[in-house]
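Peer 1: Throughout, our numbering is defined as the position within the sequence shown, counted from one, plus 72.
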Amino acid sequence: MAGKEEFVRYVRKTGTSLGINIPLEVVKILNLKENEIVRITIESVKKDGKQRR
73 MAGKEEFVRY VRKTGTSLGI NIPLEVVKIL NLKENEIVRI TIESVKKDGK QRR
């Protein structure tokens, strides 16, 4: 793995799907290029920052 970066994002509706944008800073840090495959880990959290179970 080239690197790891963590960030928090809202899930938004994009057309008929739900989407999460990857921040440009993360794309640059990980040196991501078009058509590369990345592993995404998703954790649901409450808006107050506490983990949801």
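The beta carbon of each residue, even a glycine, is placed where N, CA and C say it ideally should be.
1. What number of angstroms, rounded off, separates the C-alpha of E106 from the C-alpha of K119?
2. What is the DSSP secondary structure of V110, counted as helix, strand or coil?
3. My assumption, with CB atoms under 8 Å, is that I92 sits in contact with V83. Please give the rounded CB distance.
4. For E77, which residues from the same chain have a beta carbon less than 7 Å from its beta carbon, with the 5 sequence-adjacent residues on both sides left out?
Peer 2: The short version:
1. Each residue's Cα considered, the two are about 32 Å apart.
2. Reduced to three states, the DSSP call for V110 is coil.
3. With a Cβ gap of about 6 Å, I92 and V83 count as contacting.
4. Setting aside the 5 residues that flank it on each side, E77 is surrounded in the same chain by V98, I101, L102, each with a C-beta closer than 7 Å to its C-beta; the list follows chain order.
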